[in-house]
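A.B. asks:
Numbering (the numbering used here), first residue to last: 106 to 475.
#1: Counting only runs of 3+ residues fully inside the stretch 166-198, write out the beta strand (DSSP E) ranges in chain order.
#2: Rank 409, 311 and 164 by C-alpha distance to the C-alpha of residue 299 and give the top, closest one.
#3: Rounding to the nearest angstrom, what Cα-Cα distance links residue 360 and residue 330 in this structure?
#4: How should residue 111 be labelled, buried or exposed, when 16 other C-beta atoms within 10 angstroms of its C-beta is the threshold for buried?
#5: Using the C-alpha atoms, what's the distance from residue 127 back to residue 273?
#6: Measure the C-alpha to C-alpha separation of residue 418 and residue 320 and round it to an integer number of angstroms.
#7: Say yes only if the C-beta of residue 207 is nearer than 6 Å to one or more non-hydrogen atoms of the ligand NAD, and no if none qualify.
#8: Bridge partners of residue 308, per DSSP?
#9: If residue 283 and residue 200 are in contact, beta carbons under 8 Å, what's the gap, nearest whole angstrom?
#10: Measure the Cβ-Cβ separation of residue 314 and residue 347 and say whether it is below 7 Å.
#11: Could you check the C-alpha separation between residue 210 and residue 336 for me, to the nearest Å?
#12: In chain order, which alpha helix (DSSP H) runs of at least 4 residues are fully inside the stretch 276-307?
#13: I need the straight-line Cα distance from residue 363 to residue 333, nearest angstrom please.
#14: What is the DSSP secondary structure of residue 409, reduced to helix, strand or coil?
#15: Do residue 280 and residue 252 have their CB atoms nearer than 7 Å?
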């Protein structure tokens, strides 16, 4: 019996002495609930395709990637508070794939204070590109380019009576500036520009102002819920104006929210079509999705997928036991990193802009069509 106890004790000690698998802790604050929940959760699902695949193969440099997520409900203050907790208390190596322009601005002070990289923020705000933000590494293109392309497209097809509704925050103003560039190049003026409260748009004021301006098209720069209610209001008022919105609303959830008024809405895109299976990145993502029993991708899933690919590449280059400083050095060493099909990432100490790609899609039969 004594011998048996000794064996059990030694065996238990041996089990306890086995070190836990090494982990790389990454932090994420995002609107997992709230007005952007549907699109944000699609982006997370796309990112998880990459992370789960890498972890299943032993991780990066023998270490598993663990993402600690905190819900900020798409509230900028909560996003900043979450960033502090993740950085100061959770001791994450990097932050990853947050959502929103004012939200990212609320995170910036904590990145700068502690020298932490933010990889793949899901926002195309120009303020995160120029001047270069030392700790922000963008993956997707800018909202300004999207909005400019939207105006140019409308002008090209003969639509010049264009209204703009924009959220009255840094995101909305940034998109408005891009639209302004498009108007200047087309040598036309918007028929009306209407600012709207980010959280509680006043449709009782917005919709009559649009009706009075009688636009052929409305570029609506806002989060999903706001645009959905705006489109429904327009259609209920009898307006057939073409509606264009930006890639922050490029999710299947957005289409479902629009319901019967979804057809014909134009959404700008910052990645190739999610059904372009001949495109290498899309093909890779689809293969991983199908292995998980998921039949389809969405544009937001592709954004999360691409951002996670950049995260993994940075961690690989940073080496074992990556520190915050090593991750930043690794990111700035990335040149010509092809996500697939010529979607190249090129960073340096003076350029953290990522991919330069913008396209247009139109919703038809419940899908984004190119």
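In this text, a Cβ means the ideal position worked out from N, Cα and C, and glycines have one as well.
C.D. replies: Working from what's here:
#1: 169-176
#2: 311
#3: 11 Å
#4: Residue placement at residue 111 is flagged as unreliable, the pLDDT there being 37, under the threshold of 50; a coordinate-derived value is accordingly withheld.
#5: 45 Å
#6: 46 Å
#7: For the structure depicted, the ligand NAD is absent and the ligand set is empty, with no information on it obtainable.
#8: None, per the DSSP bridge assignment.
#9: Not really, about 26 Å apart at Cβ, beyond 8 Å.
#10: no
#11: 29 Å
#12: none
#13: 6 Å
#14: helix
#15: yes
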